[in-house]
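Quick notes on the structure that follows.
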């Protein structure tokens, strides 16, 4: 299985209100993922609140992860930043810190052109020898990758995968087929958007970039394995146990739900970085009930 295939688990990054990493809490999260033997850990993704952490905090998170995982689970580190030079520096930090691969979204304030995004990725992809996955997250970045841009990026030797959003229109099978028509046969295509990823894997996607796996790795791994094996009945059965959680993800966002679960499981007392607020107290009974079903 390639670096970017299978279940990639994205944990939260417990930190103090001023952005200092809580080392013991992060290590506790990562040890759960290591014990479950997920296919990779996606450190400092959107769920890991990378955009809210400075360079030194991100370096510390990478160091903790590399030491905790100790090579037993591949470590993929998100290196998104507004400036190209900052993203290059983060990529180099990740490589020096022990990352096995990189993930990058086209973070921007001024809207990027397709050429600006290409040059940004070209610079970061050439900054290390690590493989890099394109993080296509238009809901957060408000940037849309054209097929032409994806084809150009896939021609860069170190760019070997893409993390796609669930399609806004059409089916996952059609979305995958369109990508496969243009991208190299060995280019790894995965999806995020937890509530649709079982269908994505059944449709032929190779990766589930998962928020829920960062906090509930064992049930997420069972679901992944059933879907990758093409067992539609078992996949539907397992996915049904997540249905109440998916409803909460869509209502409150996966980040807030992941923090809420971490609190219920006693893994950390850390809160999301402000201005993000935790789930409202009124939603916690529903979260407890959904968690009980997912863990049953």
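Numbering (my numbering), first residue to last: 565 to 860.
Note that the Cβ used here is the ideal one computed from N, Cα and C, for glycine as well.
Where residue i falls, given that 16 or more other Cβ within 10 Å makes a residue buried
i, result
"residue 820", "buried"
"residue 675", "exposed"
"residue 706", "exposed"
"residue 711", "exposed"
"residue 655", "buried"
"residue 856", "exposed"
"residue 823", "buried"
"residue 580", "exposed"
"residue 763", "buried"
"residue 661", "buried"
"residue 785", "buried"
Close-in-space but distant-in-sequence residues of the same chain around residue i (CB under 7 angstroms, 5 per side omitted)
i, result
"residue 716", "682"
"residue 752", "566, 568, 569, 724, 725, 770, 771"
Paired residues, beta bridge with residue i - DSSP
i, result
"residue 660", "DSSP, once it has assigned bridges, lists no residue as partnering residue 660."
"residue 573", "605, 774"
"residue 825", "Its beta-bridge partners do not exist; DSSP assigns none."
"residue 754", "727, 771"
"residue 668", "698"
"residue 579", "585"
Beta-carbon gap between residue i and residue j smaller than 8 angstroms
i, j, result
"residue 737", "residue 767", "yes"
"residue 597", "residue 628", "no"
"residue 747", "residue 714", "yes"
"residue 626", "residue 651", "no"
"residue 639", "residue 664", "yes"
"residue 758", "residue 690", "no"
Own chain, CB closer than 6 angstroms to residue i, minus 5 neighbours either side, in chain order
i, result
"residue 669", "644, 699, 701, 705"
"residue 709", "700"
Is there contact here, the stretch 633-650 with the stretch 687-704, by at least three beta-carbon pairs under 8 angstroms?
Verdict: yes, contact present.
Would you be able to state if there are at least three C-beta pairs under 8 angstroms between the stretch 603-612 and the stretch 801-810?
Contact fails: fewer than three Cβ-Cβ distances are below 8 angstroms.
With three or more C-beta pairs closer than 8 angstroms as the rule, is the stretch 842-853 touching the stretch 627-636?
When Cβ pairs closer than 8 angstroms are counted between the two stretches, the stretch 627-636 is seen not to touch the stretch 842-853, the count staying below three.
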